[in-house]
Amino acid sequence: MKHGRVFDRHRTYVDLSNQILICVQVQVHCFARSPQHHYTADLSAHCCIFTTRAMGWAQREVKMPAMKRGCHLVTHLIEREISSDLAQFRVGLAHIFIQHTSASLTINENADPDVRLDMETFLNQTVPEGRGAPWVHTDEGPDDMPAHCKASMFGSSVSIPISNGRLNLGTWQGVWLCEHRDRASGRRLVVTLQGE
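Just so we're on the same page, the numbering used here is the position in the sequence shown counted from 1, plus 189.
Shown next, in the form of structure tokens:
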């Protein structure tokens, strides 16, 4: 944005280093088929000053250890890996993405481990597995297609607000990595931070 740039005769945007002064005089222009029939109504004029900071980005790949099948609380593992980057942000958004199709991420209860056991029970009762299952894709084992279904149910990413260098989760919230395969290797996450 250039200093004092006039976009039209009714709007002026002025950049004052990290402050932006915006003065807008709102007018309504009505044309009846040709510019000769032009009506103008002056509705209002407003000025606002917004203080801005440069938007920053950080991105880090996080390698998670191999985990048994089930839902695992991994907030602390992620925070440990991104803490130096996270500390640079006063306000922003953290996006956490898993690079796999047979594991998923979600946000849920962080205190009682029984919730994670119950969630695994729910997933196993909801998505059939074994000889009676209707799946055609079975080349990678009987747990593979059910793992794809479960991963699609929860999704491959979560977004969390950043406040004062910390993930702003609720008191009882945590990030879960849900491993849907019986024998999986470690999983890879991509954490992208945006803010100021």
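Where a beta carbon is used, it is the ideal one built from N, C-alpha and C, also for glycine.
Exercise for the section: Find the nearest neighbour of L380 within the set L282, H261, G259, judged by alpha-carbon distance. Expected result: Contrary to the premise, residue 380 reads as Val rather than Leu in this sequence. It is L282 whose Cα lies nearest to the Cα of V380.
Problem - Contact under 8 angstroms by Cβ, L378 with V251 - result: yes
Practice task
Please go through the same chain and pick out, in chain order, the residues whose beta-carbon is closer than 8 angstroms to the beta-carbon of G259, but skip the five residues on each side of it.
Solution key: So the list reads R305, L306, E309, C367, E368, once near-sequence residues are dropped.
Exercise for the section: Taking 8 angstroms as the threshold, find out whether the stretch 288-298 comes into contact with the stretch 266-275 through three or more Cβ pairs. Expected result: Taking 8 angstroms as the limit for Cβ pairs, the verdict is that the stretch 266-275 does not touch the stretch 288-298.
Problem - Limits of the unbroken beta strand (DSSP E) element including H261 - result: 259-262 is the span of the beta strand (DSSP E), which, as asked, contains H261.
Practice task
Could you check what DSSP says for T229 in three-state terms: helix, strand or coil?
Solution key: With a pLDDT of 46 at T229, under the threshold of 50, the predicted position of this residue should be treated as unreliable, and no value is reported.
Problem - Separation of R376 from H284, as counted between CA atoms - result: 16 angstroms
Practice task
Starting from the C-beta of M334, find all residues in its chain whose C-beta is less than 6 angstroms away, skip the five residues before and the five after it, and write them out in chain order.
Solution key: Once the five neighbours on either side are set aside, the close Cβ partners of M334 are W324, H326.
Problem - Anticipated Cβ contact below 8 angstroms, A292 with A243, distance rounded - result: Not really, about 35 angstroms apart at Cβ, beyond 8 angstroms.
Exercise for the section: Name the residue from D332, G354, H337 whose alpha carbon lies nearest to the alpha carbon of E385. Expected result: G354
Problem - Enclosing beta strand (DSSP E) for H289 [first to last residue] - result: First-last for H289: undefined, no H or E at that position.
Exercise for the section: Measure the C-alpha to C-alpha separation of N313 and V347 and round it to an integer number of angstroms. Expected result: The straight-line gap from Cα to Cα measures roughly 22 angstroms.
Exercise for the section: For V280, count neighbouring C-beta atoms within 10 Å of its own C-beta (all shown protein chains included) and say buried if the count is 16 or more, exposed if not. Expected result: exposed
Practice task
Can you say whether A336 is buried or exposed, counting buried as having 16 or more other CB atoms within 10 angstroms of its CB?
Solution key: buried
Handout entry: Residue environment, H265, which counts as buried when at least 16 other CB atoms sit within 10 Å
Key = Exposed, since its Cβ has fewer than 16 Cβ neighbours within 10 Å.
Handout entry: Which residues DSSP lists as bridging N297, in chain order
Key = G363
Exercise for the section: Can you have a look at F311 and say buried or exposed, based on whether 16 or more other CB atoms are within 10 angstroms of its CB? Expected result: Around the Cβ of F311, a 10 Å sphere holds fewer than 16 other Cβ atoms; the residue is exposed.
Practice task
Check whether the Cβ atoms of L382 and F343 lie closer than 8 angstroms to each other.
Solution key: no
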